[in-house]
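Trainee:
Numbering (the numbering used here), first residue to last: 130 to 210.
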């Protein structure tokens with residue numbers, strides 16, 4: 130696929146077709162990788178997107194309780210002194 134270089138103010142840029150953006154799930158930001166004479170455009174991944182809301186929901190539902198105590202009854206901290 131050939132894409133022309135266009136003027137954008139004092140800079141140059143490219144325009145990507147909407148179908149291409151949809152196909153590769155590119156929304157707001159891309160990652161630009163420079164590699165041995167190539168420019169690679171990659172969708173920016175956000176692996177933890179939405180976690181904050183899910184953690185709040187877990188807390189509201191009481192699903193964030195510890196499964197085991199973080200300090201055991203017979204545990205001593207002498208070795209840490």
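Ideal Cβ placement from N, Cα and C applies to all residues, glycine included.
In the structure shown, what three-state DSSP assignment does residue 154 receive?
Mentor: For the purposes of this step, residue 154 is taken as residue 25 along the chain shown, with counting starting at 1. In the structure shown, residue 154 sits in coil (DSSP, three-state: anything other than H, G, I, E or B).
Trainee: Are there three or more Cβ pairs, one per stretch, closer than 8 Å when the segment 149 to 168 is compared with the segment 176 to 196?
Mentor: No: the two stretches stay apart, fewer than three of their Cβ pairs being nearer than 8 Å.
Trainee: Quick check on residue 204: does DSSP put it in helix, strand or coil?
Mentor: Taking the first residue of the chain shown as 1, we reach residue 204 at position 75. Coil, per DSSP.
Trainee: Residue 155: which of 173, 207, 187 sits nearest, CA to CA?
Mentor: Along the chain shown, one-based indexing puts residue 155 at 26. The shortest C-alpha separation from residue 155 is found at 173.
Trainee: Give the secondary structure of residue 166 by DSSP, where H, G and I count as helix, E and B as strand, and everything else as coil.
Mentor: Within the chain shown, the letter at position 37 stands for residue 166. Reduced to three states, the DSSP call for residue 166 is coil.
Trainee: Between the alpha carbons of residue 133 and residue 146, how many angstroms are there, rounded?
Mentor: Along the chain shown, read from residue 1 onward, the residue named residue 133 stands at position 4. Along the chain shown, read from residue 1 onward, the residue named residue 146 stands at position 17. Approximately 12 Å between the Cα atoms of the pair.
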